[in-house]
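Residue 7 in the UniProt record's numbering sits at position 7 of the sequence shown, and the numbers go up by one each step.
C-beta: ideal position from N, C-alpha, C; glycine also.
Presented below is the structure to which this report refers.
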Amino acid sequence: MGLFSKSAGSTGKHSTATIIAQGCSFKGDIELSGNIQVDGYIEGRIRTEQTLSISATGRVSGEIFASKVVINGLHEGACHADSIEILEKGKAKGVIYTNDICIERGGCFHGQTYPADKEKVVTISKEEPVKAAEAAPLTPPTQLKSAEISSTADKSAVPAAATTVKPAASATSTVTAPVTDTKKQVNARK
Numbered sequence: 001m002g003l004f005s006k007s008a009g010s011t012g013k014h015s016t017a018t019i020i021a022q023g024c025s026f027k028g029d030i031e032l033s034g035n036i037q038v039d040g041y042i043e044g045r046i047r048t049e050q051t052l053s054i055s056a057t058g059r060v061s062g063e064i065f066a067s068k069v070v071i072n073g074l075h076e077g078a079c080h081a082d083s084i085e086i087l088e089k090g091k092a093k094g095v096i097y098t099n100d101i102c103i104e105r106g107g108c109f110h111g112q113t114y115p116a117d118k119e120k121v122v123t124i125s126k127e128e129p130v131k132a133a134e135a136a137p138l139t140p141p142t143q144l145k146s147a148e149i150s151s152t153a154d155k156s157a158v159p160a161a162a163t164t165v166k167p168a169a170s171a172t173s174t175v176t177a178p179v180t181d182t183k184k185q186v187n188a189r190k
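This is the structure we're talking about:
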């Protein structure tokens, strides 16, 4: 996972990580400025200015506020982060607030995603912890139906195959994938 490398968000040669070892369980809130790796179990709120990594044996049940979150174990609850990665063995259940999410093949996410509110992602200073009422999810945006998208799109500006919209199984997500080479699409129509 690269937790101890400089590319993992290390701020210097004296940067350390807090490790919750496999077999260890912790109940309560954790607030720190460095990296944290969870190989055991944590129930409660976690706030870190750097990276929270949940290994394949790790479980976190509670709200997370971090700069980056890497999940290869299980997380249940709300997650506020600049960047979230769900790895091959990772499972996340709940509400995710981020502007950058990556789910590897085999990774699993059940819940809702919303754009991150920069003020709530993570800033550990002398501020009060975010109250549950303030952390309540925003009203999700309305999803257009396929017919509405077709009628409102400017067909001359974008080829019809340039965007694929798949209806969501529930009201949790919409997948949009741009076509990388529109020339192939145009030539294929001729």
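Check: Please name the residue in Thr16, Ser33 and Gly40 whose C-alpha comes closest to that of Phe26.; Outcome: Gly40
Check: So, using beta-carbon positions, are residue 199 and Ile30 closer together than 9 Å?; Outcome: Any question about residue 199 goes unanswered here, given that the chain covers just 1 to 190.
Check: Would you report the Cα separation of Asp82 and Thr51, rounded to the nearest angstrom?; Outcome: 10 Å
Check: Using only CA atoms, which one of Leu74, Ala56, Arg47 and Gly73 lies nearest to Ile64?; Outcome: Arg47
Check: Buried or exposed: Gln37, going by 16 or more other Cβ atoms within 10 Å of its Cβ?; Outcome: buried
Check: Tell me whether Val24 sits in a helix, a strand or coil according to DSSP, three-state version.; Outcome: For clarity, residue 24 is Cys in the given sequence; the question names Val instead. The answer is coil: DSSP assigns Cys24 none of H, G, I, E or B.
Check: Which residues in the same chain have their Cβ closer than 7 Å to the Cβ of Gly28, if we skip the five residues on either side of it in sequence?; Outcome: Gly44
Check: For the ligand COA, is there a heavy atom less than 8 Å away from the beta-carbon of Asn72?; Outcome: As for the ligand COA, it is missing from this structure, which has no ligand bound.
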